[in-house]
Structures are given as structure tokens and as C-alpha cells.
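Only one structure is covered here, and it is reproduced in the block below.
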Amino acid sequence: MKKSLTVLSFVAVLLLVSGQCVMAQFGPKFKSYLYMAPEKQLTTVQRIAVLNFNNLGPYYAKAAEVDFGTKLADYITANLIEEYHGADMEKVMMTGGITNIYQVIERSKLDAILREQNFQAGSRVDDNTAVQIGKILGVDAIITGSLSFELKDERRVSEYTNKKTDKKESTHYLTRSVISEARMKVIDVKTAEVLGTLAPKHEIKDEKYSSKGSVPLSAVQSVNQLADEAFRELANQLTNYIAPHYEYYAFDLKKTKVKEYKDRAKEALDFLKIGEIDRAYKVYKAIYDEDPYNPEVSYNLGILYEITGDFEMANQLYNNSYMMDEDDKTFYEAYKRSQQGLALKEYLDNMGIPIQKYEFQEGGSSVLADRVVTKGSRSDRFPVYEEASSSSKEIAKIPGDIKLKVIHQVKNWVYIELIDGKKAFISANDVKAE
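In the numbering used here, the protein residues as written are 4 to 437.
Quick look at the structure:
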């Protein structure tokens, strides 16, 4: 199984699009999940087990009989077996990109083996013992480590003058901080080689205040509550070190600088504001087909391909944008990201985890046809006819202030395409140019 990669990522799904422009040259901000490859590729590992971490925490954690070493191992195991760790898969539009790439030994089976070997929860396990346990379990790698945390309770008083009473008053603060650290080691069971190590830290704080005197210790979260929250975060970091995961990401679309296409490109942005990526794609693709030397449109179209899993097309379009404007850092970063996406796809293919491309429906050149807008407001109604005559059959009455695609014009009549796809004539007096 080939897994020789650097840190990789690809956009897995379009989630939400805000309607605010962050800079003049940018359009709406996209919020998406990125599918991230692990920092450490375990090229020889398919089956893995997570041992309890040695709990080196302070006396008060042990006195409360809170075994964070077991908890951390449980959290890591749960993450490793989660199919789409970190993502809301109801909003993912691609098939593939799973995160549970390893066969993970169940905790119950692991605990049974530990009991057979006379190891108790929290017992210290050295590397040699870990290797022996791994061989008994029939795994390729074993995860072991230790953890600890420290507590800081800080009090401060803020004095001020009450403007209403002109009296001096004070506010008392209590801030509790728990700094947790975990040290993980991944060991190859066959060779006893250390495949990777990571030692992240995470700090959690809780603050309360009172204007009536000193804040009691019971007002803030307990040490163990904060430590547990911190270790959950550390479990994510440790899991992400060796397994793919999803992260939330935001990036921007760019507005085209070509005057001829500005209105239509804005229309595509409007579609994206409401999550209509298919309709946005039709507009961008139509513009690109007419003007492939438009770097902004090429870039935006590349994003649509990338977020739906077509990394080959995304790479090609990003490269086009970058070659046309090498000074634009956004184009360069997108191009480099798309190269990583291509490599990640190869990585997943080698693992037997295919990604299915999203099938966009193209609209052809007719997407860029001229348009008119009906006069008046949405409460107004204008008749449309089967032929260029008011004496012909009336097909419908359409509201004011709506955009309509123009097929062609006949004297005082405009042949239009309605929203439902039907064709009809409308009086030129009832419409205006877009």
C-alpha cells in the first residue's frame, strides 16, 4: 500500500457562502470543509492499536480517580474509527475521502489482552512491552504515550469609579487555566522502530467575576472538567497526525475585471450566495468558453471543480490563472493546493478509496444570451403570447422586475425564454435592457 505523501489537502464540500465582499476584487466568501492528509504517513501500517497513555497528572487528578490516560486513548480510538472525522457529511457533495483508513483494535479486546498480560489501567508500558502486546494483537503498529497537565488559578481586582454614584467600586475575577500536554509515540511492531512522535499542548480557561467580593473556587469549572476538554482537543491533534481528517476553511471568489462579463459573473456570484453551484458553474463555464484568458473566471471555475473533487480540471484552471497573472498570490496558492489535491487523489486510489467527481450540467453558449428585465414591480403582471401579436394565444402573465433570456427580437416584440423553459413573445414596451 503506497502512502508516500507530504501534508495534503483538498476541498471536500461547499457549505455556506456569505454575501459580503472582503475586498474590492473579491466576491463572496466560501466556507468549506478541507479533507486533510495526515502529517505522518504510516506507509507500512494497516492494523493499529492504541494503548492507554501513562497518566503523569497531578495528585488531585489521581485522587479523584480520573484516569485521563485511558480517556485519551478512548478519544483517539473513537476518532480513528470515525468515517468522516471532523465533517458534517450531510453537506459533503463528493463520494470518498473517508478518515477511517486503519483497522483499529477494539478497546474491549485490547483491555482483555492487557488483563491477560497482568497490566492494569494506567500501568506504565515501555516500548518493548508495547511491541510484545502489538504482536499478540496482530497489529502493524502500536500507539503509546504519556500525558500530564498543570493548574493555574489567578485572581485579580479591577477598581473603577461608578459614574452614577461617584463612588469607588471593584470587580473581582477568578481565572482558572489548565494546560494539558500529551506525548505520543507510534511504534512499528515488526521492527520496534519509532515511526513518529508528537507532543502537543493545549490550554483551556474558565473565568468568572463578581462585584460582591471574592469569587469562590466552586464558581469556575473543575480542574478535571477543563482537563477533559483539553485532552479531547489533544486527541484530535494526535489523531490528525496519523490519519486523514476534515478541517473547516474559508476562501474567496474573485470578481472579473473584463467589463463585457462583469454582469454575468456577478450573476454567478449571486447564485453562489444561495448555494446554487450548478447554476453558477453554467455561467462561469460559458464565460470561460468564450474567454479562456480571463484569470478571475478561470480561478473561480477552478474552485468549483476543486470543491467537487475534479482535481485535474482544478489544477489546469488554476495553472492558467497563475500563468496569466504570476503576481497574484491567490492564484499561486490555489495552483499549489491543486497539485497537492492531485497527489492526494493518487494516494487514495492506491489505498482503494476512490473519489467520484461531481457531474456538472453545462448550459452552453446560450447562458450568455442577452437579457431583459420586465418593468414595474413583482406585483405587476405582463402578458406573454404565443406569437408576436396581442391577438394570438396568451401563454401566461409574468411579474415585473424579473430577468428574462432574449432569444431574438421582432420589431416591437421580444422573443424570450420563461423560467419554466417555455418560449413566448412579450411587448418591447413591457421590458427594458438589463
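Cβ atoms here follow ideal geometry from the backbone N, Cα and C, with glycine treated the same way.
{"Check": "Nonlocal neighbours in the same chain, by C-beta distance under 6 angstroms from Phe254, ignoring five residues either side", "Outcome": "Phe33"}
{"Check": "Given Asp433 as reference, the closest of Trp416, Ile422, Leu54, Asp423 once Cα atoms are compared", "Outcome": "Trp416"}
{"Check": "8 angstroms Cβ cutoff met for Lys170 and Glu162", "Outcome": "no"}
{"Check": "Sufficient close CB pairs (3 or more, under 8 angstroms) joining the stretch 236-246 to the stretch 189-208", "Outcome": "yes"}
{"Check": "Through-space distance from Asn318 to Asp328, alpha-carbon basis", "Outcome": "15 angstroms"}
{"Check": "Per-residue burial, Asp143 [other beta carbons within 10 Å of its own, 16 or more giving buried]", "Outcome": "buried"}
{"Check": "Proximal residues to Val261 (C-beta, below 7 angstroms), its chain only, five neighbours per side dropped", "Outcome": "Asp294, Asn297"}
{"Check": "Residues bridged to Asp383 (per DSSP)", "Outcome": "Beta-bridge pairing links Asp383 to no other residue."}
{"Check": "Under 8 angstroms between C-beta atoms of Tyr291 and Leu304", "Outcome": "yes"}
{"Check": "Pairwise C-alpha distance: Leu275 and Glu109", "Outcome": "43 angstroms"}
{"Check": "First and last residue of the uninterrupted beta strand (DSSP E) at Tyr252", "Outcome": "248-257"}
{"Check": "Neighbourhood of Ile79 by C-beta distance below 6 angstroms, restricted to the same chain and skipping five residues each side", "Outcome": "Val53, Ala238, Leu241, Thr242"}
{"Check": "Closest by C-alpha distance to His88, when choosing among Met96, Lys74, Ile104, Ala76", "Outcome": "Ile104"}
{"Check": "Nonlocal neighbours in the same chain, by C-beta distance under 6 angstroms from Ile429, ignoring five residues either side", "Outcome": "Val387, Val417, Ile419"}
{"Check": "For Tyr418, the first and last residue of its enclosing beta strand (DSSP E)", "Outcome": "416-420"}
{"Check": "Gly379 classed as buried or exposed, judged by whether at least 16 other C-beta atoms fall within 10 angstroms", "Outcome": "exposed"}
{"Check": "Continuous beta strand (DSSP E) assignments of at least 3 residues falling wholly in the stretch 312-378", "Outcome": "374-377"}
{"Check": "Neighbourhood of Ala436 by C-beta, 7 angstroms cutoff - its chain only, sequence neighbours within 5 removed", "Outcome": "Val375"}
{"Check": "Status (buried if at least 16 other CB within 10 Å, exposed otherwise) for Tyr251", "Outcome": "exposed"}
{"Check": "Simplified DSSP assignment, three categories, for Ser225", "Outcome": "coil"}
{"Check": "Which residues DSSP lists as bridging Val107, in chain order", "Outcome": "Ile51"}
{"Check": "CB-CB length for Tyr264 against Val300, believed under 8 angstroms", "Outcome": "7 angstroms"}
{"Check": "Span of the alpha helix (DSSP H) around Ala271", "Outcome": "265-276"}
{"Check": "Boundaries of the beta strand (DSSP E) in which Ala391 is found, first to last residue", "Outcome": "Where Ala391 is concerned, there is no enclosing beta strand (DSSP E), given that its DSSP letter is neither H nor E."}
{"Check": "Contact check, Asp130 vs Ile190, beta carbons under 8 angstroms", "Outcome": "yes"}
{"Check": "Per-residue DSSP class, three states only, for Met92", "Outcome": "helix"}
{"Check": "Closest Cα partner of Val286 within the set Ala268, Glu119, Val95", "Outcome": "Ala268"}
{"Check": "Beta-carbon spacing of Ile245, Gly312 below 8 angstroms", "Outcome": "no"}
{"Check": "Coil, strand or helix - Phe29 by DSSP", "Outcome": "Because the pLDDT at Phe29 is just 49, under 50, the model does not fix this residue reliably, and the value given afterwards should be weighed accordingly. The answer is strand: DSSP assigns Phe29 an E or B state."}
{"Check": "Inter-residue spacing [alpha-carbon to alpha-carbon] between Gln44 and Arg118", "Outcome": "31 angstroms"}
{"Check": "When Lys94, Lys112, Ala90 are compared against Thr102, the one with the closest alpha-carbon", "Outcome": "Ala90"}
{"Check": "Residue from Val128, Leu229, Phe152 with nearest C-alpha to Lys188", "Outcome": "Val128"}
{"Check": "Test item: CB-CB of Leu229 and Ser151 under 8 angstroms", "Outcome": "no"}
{"Check": "For Asp191: DSSP bridge partner residues", "Outcome": "Ala144"}
{"Check": "Close beta carbons around His411, own chain, < 7 angstroms, minus the five adjacent residues each side", "Outcome": "Tyr418"}
{"Check": "Cβ shell of Glu184 (< 6 angstroms), same chain only, five flanking positions each side left out", "Outcome": "Ser151, Lys204"}
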